[in-house]
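In the numbering used here, the protein residues as written are 1 to 185. Reading through the C-alpha cells given below for one structure.
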C-alpha cells in the first residue's frame, strides 16, 4: 500500500474517532464539521476530501467493521453451509465482533442511531445479493427473519450489558431457529 493511501486511511480513522468523541458530547444532529475536525485533529480539507456528510462517517465506520469481519470469515475454516454447527460458529463470530465495538455501538444506540445501523446492514445485505445473482432465489423470508432477529438480539444483548458469552448467545439464536432453516447434516 502506498504512503498516500496509508495516510488517507489514518486520516479517515482520526475523523471516525473524532466523530465518536463528538457523539459522546452531543446528539448526532448537532455535530458540526468545525467541531468534528477540531476533535479529530485534521484539516477541513481532509474531511471534505473523504466525506460528504457526517452520516458518511458512520457509514464508513460500519463498512470497515463489515469488511474486517468478512475478511476474517474468509480466512476462517468455517464451511459455507448452513448446518446448526456452522451457523453457531458464524453467530459466535458476529457476537464477538459486536462485543469488540460495544462502547461505540452503545453510544450509537443511546443517541438513537440503531435504526441507521439496521438500515446499513439491510442495505449491505442487498449489495451481497446483487453480487451473487446465482443465489437470487436462495434469499427468502427465512433469511430476512434470521437477519432481523439476530440483529435485534445483538443490540438487546449489548444494551443489557453483554452479560452472556458470545457462545451462549449464538446457542440461543441457533436453538431458536426452526429446523427447516438449516441444511441437512
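Backbone N, C-alpha and C fix where the C-beta goes; we use that ideal spot for every residue, glycine too.
Quick one, which of the options has its alpha-carbon nearest residue i's?
i, options, result
"residue 37", "11, 60, 61", "11"
"residue 124", "8, 67, 74, 114", "67"
"residue 142", "35, 95, 176, 42", "176"
"residue 100", "161, 42, 149, 76", "161"
"residue 40", "4, 126, 3, 16", "16"
"residue 97", "112, 72, 82", "72"
"residue 171", "118, 184, 117, 83", "83"
"residue 167", "26, 25, 95", "95"
"residue 179", "146, 13, 111, 9", "146"
"residue 27", "164, 163, 112, 4", "112"
"residue 13", "126, 65, 76, 74", "65"
"residue 7", "34, 29, 46", "46"
"residue 102", "163, 149, 70", "163"
"residue 59", "149, 148, 116", "116"
Please list, in chain order, all residues of the same chain as residue i whose beta carbon is under 8 Å from its beta carbon, the five residues on each side excluded.
i, result
"residue 78", "86, 89, 90, 93"
"residue 159", "106, 109"
"residue 31", "19, 22, 23, 54"
Spatial neighbours of residue i within its chain, please: CB distance less than 6 Å, with the 5 preceding and 5 following residues excluded, ordered by chain position.
i, result
"residue 157", "169"
"residue 44", "37"
"residue 181", "142"
Buried or exposed: where does residue i fall if 16 or more other Cβ atoms within 10 Å of its Cβ makes it buried?
i, result
"residue 48", "exposed"
"residue 61", "buried"
"residue 174", "buried"
"residue 144", "exposed"
"residue 57", "buried"
"residue 42", "buried"
Between which residues of its own chain and residue i is the CB-CB distance below 7 Å, once the five residues before and five after are set aside?
i, result
"residue 151", "118, 121"
I believe residue i touches residue j by the beta-carbon criterion, under 8 Å. Please report the beta-carbon distance rounded to the nearest angstrom.
i, j, result
"residue 154", "residue 114", "At roughly 11 Å, the Cβ-Cβ gap does not stay under 8 Å, so residue 154 and residue 114 are not in contact."
"residue 183", "residue 81", "5 Å"
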